[in-house]
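Numbering-wise (our numbering), the sequence shown opens with residue 13 and increments by one.
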Amino acid sequence: ATVAVILMSACGASSTPSPGGGGSGAATQTGPSGELNIALHTFNAETWDPSQTLPFMTQLGGPVFESLFVYSPPNGELRPMLLDKAEMAPDAKSWTLKIKDGIRFSNGDPMTSEDVKFSLDRYRSDASKTSQAAAFQRTIQDVQVVDKLTVRVVLKDPWLTMNYFLGALTGNEGIVLPKKYIEQVGWPAAEKTAIGSGPYKVTNQVIGDSVTFQAVPDHWRAIPRFTQVKYLSVPEERTRVALLRSGQADLVARLSADSKKELERDGFKSLIVPNGSQESVRFFGAYGSYAANPLQKLEVRKALTYGINKKSVLDNLYGGLGEVAQYLLSFPGFTTGAPKGLQPTPFDVEQAKRLLQQAGYPDGFSLTLFVPSSCPAGRTLAEAVAGAWEKIGVKAQVRPVEFPVFRPYYAGREHAKEAVGNAYVWCQAGSPLGLRDLQNAYWSKGIVKESDVADAEIERAANATTNEELVRNTEAAFKKLYDSYAGIPIANIGLIWMANQKAADIPTVPTWESFGVWLARDKK
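Structure, rendered in structure tokens:
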């Protein structure tokens with residue numbers, strides 16, 4: 013979808029339908045029934061406070077929270093969810109947002125414009141640690157209450173694409189939080205309790221093990237499909253497969269191509285998330301005023317890139333499900349501003365060795381290759397990368413690390429000393445808006461701060477007032493990162509989930525593991 017189409021669908025009249033279920037049986041308006049068990053590869057959320065974590069509507073937050081906008085099945089169209097209307101000013105320097113009347117949080121409190129202002133102010137505060145906090149802090153000047161249901165977001169600069177940044181799944185900033193409740197109990201207590209406006213509420217939680225959700229009766233928007241939903245944290249793939257076979261899980265996350273073939277032979281259904289992840293290697297401390305390290309040299313970053321056979325990784329690790337990645341953060345044919353005409357970097361071991369020699373490392377060097385727990389295939393990918401680098405003289409120590417421990421290495425701060433000069437494997441869902449991902453990861457004012465080479469182009473794209481200007485500068489930013497070997501894109505793959513018949517009609521959305529969002533069907 014182009015920016016223009018998305019803006020048209022997201023703005024204007026209240027007749028725009030709110031997104032809903034889809035899949036077989038979606039038109040049958042029956043009440044919730046039965047139980048659904050979902051086995052995830054990890055619980056990414058460290059807290060129930062959306063301002064303190066990466067996007068978690070794709071997992072734990074999906075059943076219990078709702079967002080101002082959402083990407084809807086079947087094609088990922090951006091539509092209002094909590095909103096009745098969204099209007100951008102002609103100069104793109106303010107947005108007027110009106111929420112629907114009658115929305116209630118799970119504790120019974122009505123949602124008002126005060127909650128919307130409270131939430132947006134939280135996401136742009138210094139306390140926020142979301143992936144998009146920097147963009148909110150930089151661009152939003154004020155959030156003003158207009159009436160009981162309406163706020164006006166006043167901007168310092170034009171923001172043509174603010175609706176993207178308020179969409180569930182791309183980030184948490186569209187989630188509306190209960191102001192009255194949080195002010196009563198305080199943030200420390202609120203972080204431990206999930207109070208949202210979604211069609212389910214949390215009834216039990218075992219930290220790091222399971223979360224149980226119960227259907228909300230007479231929900232304002234949707235009819236829950238199931239009376240109870242239980243999420244299980246199951247890191248081992250074979251255990252997830254076994255749970256599906258035994259009926260102890262009905263839907264399981266992130267399986268390999270081999271497991272997919274095995275389960276399909278036995279009658280289970282595959283639910284593929286297109287453009288689900290870019291598997292890549294990224295660098296700490298390669299730019300800026302960090303301590304001197306090999307990654308700061310272009311020849312070294314180029315050598316590390318040339319040393320990886322991307323096609324082999326795609327075929328051997330992911331069963332060929334996807335394509336060799338061409339550019340960082342970009343999914344051709346889907347990402348707005350994806351460059352055109354650039355080719356994947358070649359595989360050339362001898363050239364990689366020559367580049368290391370030119371850089372002053374004829375005997376190579378050593379580094380740590382971190383594997384955050386948020387990437388289920390990360391260990392396998394890291395070992396493949398380490399094996400490839402060994403052939404050019406670079407010794408990589410693979411180090412798995414839990415995501416809550418890993419995230420402080422970079423989130424909203426300069427890279428930690430123990431991370432500088434090292435690398436990590438990363439998996440990231442595709443995005444329809446390339447600018448958003450650039451601001452998050454490859455902008456010196458962003459949350460990850462991995463590069464500064466494209467700052468000017470990123471800022472011009474962020475301040476664009478036309479689609480043409482946005483796309484032109486986004487493409488230019490991607491090209492600068494490509495030329496500077498700012499990271500190593502390896503493969504763009506579809507994510508494999510498997511289901512039994514109970515979960516087979518839950519719809520998928522391109523790029524986002526949003527099954528939790530669609531565990532309810534919209535009321536007609």
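Even for Gly, the Cβ is constructed at its ideal location relative to N, Cα and C.
Beta-carbon proximity list for residue i, same chain, < 7 Å, skipping 5 on both sides
{"i": "VAL128", "result": "LEU109, ILE111, VAL163, VAL188"}
{"i": "LYS168", "result": "THR151, GLN153"}
{"i": "GLY332", "result": "LEU326"}
{"i": "GLY458", "result": "ALA146, GLN451, ASN452"}
{"i": "GLY192", "result": "Looking at the sequence shown, residue 192 is not Gly but Lys. For LYS192, where only same-chain residues beyond five positions count, the Cβ hits under 7 Å are ASP121."}
{"i": "GLY114", "result": "TRP232"}
{"i": "PRO358", "result": "TYR318"}
{"i": "GLY220", "result": "PHE55, SER245"}
{"i": "PRO247", "result": "HIS53, THR54"}
{"i": "TRP455", "result": "ASP467, ILE470"}
Closest by C-alpha distance to residue i, when choosing among the options
{"i": "ALA540", "options": "GLU291, PRO122, GLY446, TRP60", "result": "Residue 540 lies beyond the range of the chain shown here (13 to 536); nothing can be said about it."}
{"i": "GLU540", "options": "ALA234, ILE235, ARG266, GLY120", "result": "Residue 540 is absent from the structure shown; the chain starts at 13 and stops at 536."}
{"i": "ALA515", "options": "ILE115, VAL241, MET123", "result": "VAL241"}
{"i": "PHE418", "options": "ALA396, PRO92, LEU381", "result": "LEU381"}
{"i": "TYR212", "options": "TYR330, ALA145, GLY74", "result": "GLY74"}
{"i": "PHE346", "options": "VAL465, ARG233, GLN290", "result": "GLN290"}
{"i": "PHE117", "options": "GLY208, PHE177, ILE502", "result": "GLY208"}
{"i": "ASN504", "options": "LEU329, ASN512, ALA396, LYS365", "result": "LEU329"}
{"i": "SER463", "options": "PRO444, GLY499, THR54, TRP199", "result": "GLY499"}
{"i": "LEU275", "options": "VAL285, VAL253, ILE219", "result": "VAL253"}
{"i": "LYS281", "options": "ASN512, GLY220, GLY198, TRP455", "result": "ASN512"}
{"i": "LYS309", "options": "THR224, SER443, TYR497", "result": "TYR497"}
{"i": "GLY46", "options": "ILE508, ASP270, THR239", "result": "THR239"}
{"i": "ALA408", "options": "LEU72, PHE295, GLY300, ASP138", "result": "PHE295"}
{"i": "ASP96", "options": "LEU161, GLY297, TRP107", "result": "LEU161"}
{"i": "ASP138", "options": "PRO356, SER385, ALA423, LEU379", "result": "ALA423"}
Proximity test, residue i beta-carbon vs the ligand SAH heavy atom, cut-off 7 Å
{"i": "SER84", "result": "You won't find the ligand SAH in this model; it holds no ligand whatsoever."}
Contact set for residue i: own chain, Cβ-Cβ below 8 Å, skip 5 residues either direction
{"i": "PRO420", "result": "ALA428"}
{"i": "LYS403", "result": "GLY319, VAL361"}
{"i": "GLY37", "result": "The pLDDT assigned to GLY37 is 38, lower than 50, so where the model puts this residue is not dependable, and the model offers no usable value."}
{"i": "TYR339", "result": "ALA350, PRO351, LEU354, PHE490, LEU493, TYR494, PRO501"}
{"i": "SER222", "result": "ASN216, LYS242, TYR243, LEU244, SER245"}
{"i": "GLY334", "result": "LEU326, ALA503, ASN504, ILE505, GLY506"}
Own chain partners of residue i with C-beta closer than 6 Å, once the 5 adjacent residues on each side are dropped
{"i": "LEU367", "result": "GLU311, LYS314, ALA315"}
{"i": "ALA180", "result": "MET69, SER79, VAL82, GLY186"}
{"i": "ALA39", "result": "Since pLDDT at ALA39 reaches only 42, below the 50 mark, its modelled position is unreliable, and the value read off the structure follows with that caveat. Result list for ALA39: empty, nothing under 6 Å."}
{"i": "ALA206", "result": "TRP60, VAL76, VAL214"}
{"i": "GLY528", "result": "GLY74, PRO75"}
{"i": "LEU255", "result": "ALA51, ALA261"}
{"i": "LYS602", "result": "Any property of residue 602 remains undetermined from this structure, which presents the chain solely from 13 to 536."}
{"i": "VAL465", "result": "LYS492, SER496"}
{"i": "CYS8", "result": "In this structure the chain extends from 13 to 536, so residue 8 is not present and cannot be described."}
Whole-number beta carbon distance between residue j and residue i, since they are thought to touch under 8 Å
{"i": "GLN149", "j": "ARG136", "result": "5 Å"}
{"i": "SER268", "j": "ALA337", "result": "At roughly 19 Å, the Cβ-Cβ gap does not stay under 8 Å, so SER268 and ALA337 are not in contact."}
{"i": "GLU469", "j": "ALA489", "result": "4 Å"}
{"i": "PHE77", "j": "PRO62", "result": "7 Å"}
{"i": "ASN184", "j": "THR142", "result": "5 Å"}
{"i": "ASN175", "j": "THR523", "result": "That pair is no contact at about 17 Å."}
{"i": "GLY376", "j": "VAL406", "result": "5 Å"}
{"i": "VAL410", "j": "GLU395", "result": "6 Å"}
{"i": "SER342", "j": "GLY446", "result": "6 Å"}
{"i": "PRO416", "j": "THR348", "result": "Contact flag wrong, Cβ pair sits at about 32 Å."}
{"i": "GLY390", "j": "VAL383", "result": "4 Å"}
{"i": "VAL437", "j": "LEU482", "result": "That belief does not hold up - the Cβ atoms of VAL437 and LEU482 are roughly 30 Å apart, past 8 Å."}
{"i": "PRO236", "j": "PRO44", "result": "4 Å"}
query: Are three or more beta carbon pairs between the region 307–316 and the region 249–269 nearer than 8 Å?
result: With a cut-off of 8 Å, the region 249–269 and the region 307–316 do not count as touching, because too few Cβ pairs lie within range.
message: Counting beta carbon pairs with one atom in the region 450–457 and one in the region 427–435, are three or more of them shorter than 8 Å?
response: no
message: If we require 4 or more residues per run, which alpha helix (DSSP H) segments fall completely within the region 160–225?
response: 174–177, 191–197, 199–202
- request: Evaluate the contact criterion for the region 468–478 versus the region 169–179: three or more CB pairs, one atom per stretch, below 8 Å.
  value: yes
- prompt: Looking at C-beta atoms only, is the number of pairs between the region 287–307 and the region 431–444 that lie closer than 8 Å three or more?
  reply: yes
- prompt: Counting only runs that start and end within the region 78–160, where is the alpha helix (DSSP H) found for 4 or more residues in a row?
  reply: 125–135, 145–151
message: Extract the residue ranges of the alpha helix (DSSP H) inside the region 355–393, only unbroken runs of 4 or more that lie entirely within it.
response: 361–370
- request: Could I get the ranges of all uninterrupted alpha helix (DSSP H) runs contained in the region 461–512, with 4 residues as the minimum, in chain order?
  value: 467–474, 479–495
query: What are the complete beta strand (DSSP E) segments, minimum 3 residues, inside the region 405–466?
result: 407–413, 435–440
message: Check whether the region 222–238 and the region 528–535 are in contact - that is, three or more C-beta pairs closer than 8 Å.
response: yes
query: Curious, which full-length alpha helix (DSSP H) runs of at least 4 residues does the region 259–333 contain?
result: 269–277, 310–318, 322–330
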